[in-house]
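Asker: Keeping their order, the protein sequence lines are chains A and B.
In this text, residue positions in the first sequence follow my numbering: the first is 1, and each later residue adds one.
In this text, residue positions in the second sequence follow my numbering: the first is 1, and each later residue adds one.
Think of the CB as a built atom: it goes at the ideal place given N, C-alpha and C, for glycine as much as any other residue.
Below: one structure in structure tokens.
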Amino acid sequence: ETGVTQTPRHLVMGMTNKKSLKCEQHLGHNAMYWYKQSAKKPLELMFVYSLEERVENNSVPSRFSPECPNSSHLFLHLHTLQPEDSALYLCASSQDGVSGDGAFFGQGTRLTVV
Amino acid sequence: TQLLEQSPQFLSIQEGENLTVYCNSSSVFSSLQWYRQEPGEGPVLLVTVVTGGEVKKLKRLTFQFGDARKDSSLHITAAQPGDTGLYLCAANMDSNYQLIWGAGTKLIIKP
């Protein structure tokens with residue numbers, strides 16, 4: 001058990017759909033992250049929240065919209081995605097947002113855009 | 001250009017053999033982490049190294065951080081099928097949020 005739970009585990013959506021990914025951490029951490037993982041490529045950091053404030057946004061297209069209502073929950077709202085957005089989306093948390101701490105990951109959401 | 005190069009990209013060996021995988025860079029890092037990711041799961045943190053020359057052991061796994069803090073190695077002794085997975089290294093250059101990731105070494109241990 002990782003302490004970080006993501007739902008859904010799998011998602012298939014059309015390019016005109018709107019969907020949301022959910023992440024919940026039970027570790028008492030103050031920082032949460034969204035990553036995109038594509039085959040044979042390094043993990044791409046998308047967003048970082050520390051104490052519910054967005055502190056980093058790595059030039060992610062606006063069709064991805066994060067939301068962090070509290071330090072335990074993180075959402076990624078998806079709208080009008082493209083097929084190339086198909087990937088594994090990983091949520092992670094760490095103690096205080098200093099990346100040297102080490103991150104704890106959820107199991108990911110496998111997203112397929114058709 | 002990747003800042004963190006992992007090699008080999010893929011390794012398939014028999015159970016009981018030893019192996020070493022590498023994580024290299026021309027940059028100096030303040031800390032480096034190793035993760036293992038199994039299919040359909042998220043990465044799991046194995047170890048963090050912070051001091052040049054540091055060696056950490058986790059059962060049959062030995063992690064070493066280079067003296068200059070630019071590279072790291074992971075050595076597995078007597079590999080088991082349960083060691084199968086994608087091994088990822090990640091490092092940060094200073095105290096910020098941006099972990100730099102390697103593309104991983106996919107390891108398969110055949111029974």
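In the DSSP assignment, find the unbroken beta strand (DSSP E) run with Pro-69(A) in it and report its ends.
Answerer: Unbroken beta strand (DSSP E) run through Pro-69(A): 64–70.
Asker: For the structure I just gave you, are there three or more beta carbon pairs, one from the segment 34–48 of chain A and one from the segment 25–32 of chain B, closer than 8 Å?
Answerer: Not touching, per the Cβ criterion.
Asker: Confirm, please, whether the CB-CB distance from Gln-33(B) to Thr-48(B) is below 7 Å.
Answerer: In contact: Thr-48(B) and Gln-33(B) (Cβ atoms closer than 7 Å).
Asker: According to the Cβ coordinates, are Cys-91(A) and Leu-74(A) closer than 7 Å?
Answerer: Contact: yes.
Asker: Identify every residue that forms a DSSP beta bridge with Met-32(A).
Answerer: DSSP, once it has assigned bridges, lists Tyr-49(A), Ser-93(A) as partnering Met-32(A).
Asker: I need the straight-line Cα distance from Glu-17(B) to Met-32(A), nearest angstrom please.
Answerer: Computed Cα separation, rounded: 38 Å.
Asker: Whole-angstrom Cβ separation of Thr-80(A) and Leu-11(A), contact assumed at under 8 Å?
Answerer: Actually they are not in contact, since the Cβ atoms of Thr-80(A) and Leu-11(A) sit about 15 Å apart, beyond 8 Å.
Asker: When DSSP labels each residue in this structure, what does Glu-56(A) get in the three-state scheme?
Answerer: Here Glu-56(A) sits in strand by DSSP.
Asker: Classify Thr-105(B): buried if its beta carbon has 16 or more other beta carbons within 10 angstroms, exposed otherwise.
Answerer: It counts as buried.
Asker: I'd like the span of the beta strand (DSSP E) that includes Arg-36(B), first residue to last.
Answerer: First-last of the beta strand (DSSP E) with Arg-36(B): 31–37.
Asker: Got a sec? Which residues, its chain only, sit under 7 Å from Thr-84(B) by beta carbon, not counting five neighbours each side?
Answerer: Excluding residues within five positions, the ones whose Cβ falls inside 7 Å are Leu-107, Ile-108, Ile-109.
Asker: Is there a Cβ of chain B sitting closer than 7 Å to that of Gln-95(A), yes or no?
Answerer: It does not; no Cβ of chain B falls within 7 Å.
Asker: Go through its chain and collect everything with a Cβ distance to Lys-56(B)'s Cβ below 7 Å, but skip five positions before and after it.
Answerer: Cβ within range, chain order: Val-47, Val-49, Phe-63.
Asker: In angstroms, rounded to a whole number, what distance separates the CA positions of Thr-20(B) and Phe-10(B)?
Answerer: Spanning the two alpha carbons is a distance of roughly 12 Å.
Asker: Give a yes or no on whether 7 Å exceeds the smallest Cβ distance from Glu-28(A) to chain B.
Answerer: The question names Glu, but residue 28(A) is Gly in the sequence shown. No, no contact with chain B.
Asker: Name the DSSP bridge partner or partners of Lys-19(A)?
Answerer: Bridge partners of Lys-19(A): Leu-78(A).
Asker: Anything in chain A within Cβ reach of Ala-103(B), meaning under 8 Å, just list it in chain order.
Answerer: Lys-40, Lys-41, Pro-42, listed in chain order.
Asker: What is the rounded straight-line gap between the Cα of Ala-91(B) and the Cα of Arg-63(A)?
Answerer: The straight-line gap from Cα to Cα measures roughly 29 Å.
Asker: Closest by CA to Glu-41(B), which one among Cys-23(A), Ser-72(A), Asn-58(A), Gly-106(A)?
Answerer: The option with the nearest alpha carbon to Glu-41(B) is Gly-106(A).
Asker: Looking only at its own chain, which residues have a Cβ that is under 6 Å from the Cβ of Leu-86(B), when we skip the five neighbours before and after it?
Answerer: Around Leu-86(B): Gln-37, Gly-104, Lys-106.
Asker: Run down chain A in chain order and give the residues with a C-beta less than 7 Å from the C-beta of Gln-33(B).
Answerer: Per Cβ cutoff of 7 Å: Gly-102.
Asker: Considering Cα atoms alone, identify which of Ser-59(A), Glu-53(A), Gly-14(A) is closest to Lys-36(A).
Answerer: Ranking Ser-59(A), Glu-53(A), Gly-14(A) by Cα distance to Lys-36(A) puts Ser-59(A) first.
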